[in-house]
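Undergrad: Be aware that the sequence shown starts at -4, since it is given in this note's numbering, and climbs by one per residue.
Note that beta-carbon positions come from the ideal geometry of N, C-alpha and C, so glycine has one too.
Keep in mind that this is a model prediction, so the values were computed, not measured.
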Amino acid sequence: MRVFSTQQNLDESVQQLMGKPGLHWGTLQALDKHSLQRLVEWLTQATSPQQRLARLTSLREQHQQRVRETLIGWINPVETESASNESVIRQLQAQAAKHGELLDGLLPPMRIFESLLRIQQPREEQVSGLFNEEIDLFAEVRDTMHSPESQETGYQAHKMWINHVRQWCRDENNARRLRLDPRTLRQVADILVTTSYRLEMPQRLQRIMQREKRLCRAAIRRYR
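1) DSSP state of residue 65, grouped into three classes?
2) Counting only the same chain and skipping the five closest in sequence on each side, list residues whose C-beta sits under 7 Å from that of residue 201.
3) With three or more beta-carbon pairs closer than 8 Å as the criterion, would you say the segment 169 to 176 touches the segment 84 to 97?
4) Using 8 Å as the threshold, is the C-beta distance between residue 103 and residue 153 below it?
5) Just verifying my parser: in three-state terms, what is the DSSP assignment at residue 43?
6) What are the boundary residues of the alpha helix (DSSP H) that includes residue 96?
7) From the DSSP output, in three-state form, read off residue 174 for me.
8) Is residue 195 helix, strand or coil when you go by DSSP?
9) At what residues does the alpha helix (DSSP H) containing residue 111 begin and finish?
10) If you drop the 5 nearest sequence neighbours on each side, which residues of the same chain put their C-beta closer than 7 Å to that of residue 181?
11) Give me the residue from 179, 40, 188 with the minimum Cα distance to residue 223.
12) With DSSP as the reference, label residue 27 as helix, strand or coil.
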C-alpha cells in the first residue's frame, strides 16, 4: 500500500497490524507519473528469472518437507515407531485434561451414522413385492430411497470413520485447541487407523450390523 501523493510507503505498518510483517505484497498501482517508475521497478523484479526460480525452489522445498513429514513413519518404521509412539504418549499424558475433547472429536456426528444406517429391505423381499394380486398399474410412482445394502454397511461405517478421523486430525486448529503438536495429532490418527485394521474393526462392525444396527456407533466408542 502506497500513498502516491505523499510518496509514503505504508506496507510495513499495514503488515504489522495484520500480523504478517515482512510479507511481500503482490499489487502496485501507478496513479500518476511519480509512481510509474516504482511500478516499472516492481514488475522488473517480480518477473525476473531469478525471482521465479527462487519462488519455485521455495515451493518445492515446502512440498518435499510436507512429503517427508507425511511418510516419515513409513520410511524407517522399525527405527522410528518406538520413539514416535513414546513421544505421542508423552504429549497426550501432558494434556490429560483435554482427553474428553479429543475423544469426542474422533467420533463422527450421530446424524452421519443415522443416514448411513438406513438399510433397504432385502432384495428378495423387494422383488416379491412387485408381483402380487394388489398391484396397481395406474398408481402414482413413489420415489424410493436407495441406501447402502446391509452386507456393506459395516465396512462403509469404518471407511466413514477413517475419513472423519484423518480430516479432523489434519486440522491444525484442533491441535492448537488440544495444545498438541499438529504432527502428534496426525500420528494419533495413523495409530488409530492402523490399529483398527489389526483388530479387524471392519469385520467386527459388519458382524454387529448383522445383529443390531445401532450398536455400530457404540462399538467405535468402545474401541477409542
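TA: Looking at the coordinates:
1) helix
2) 149, 150
3) yes
4) no
5) coil
6) 94 to 100
7) Secondary structure of residue 174 (DSSP, three-state): coil.
8) Assigned with DSSP and collapsed to three states, residue 195 falls in coil, not helix or strand.
9) Counting along the chain, the alpha helix (DSSP H) containing residue 111 begins and ends at 105 to 111.
10) 164, 165
11) Residue 223 cannot be examined here, being either before or after the span of the chain that is shown, -4 to 219.
12) coil
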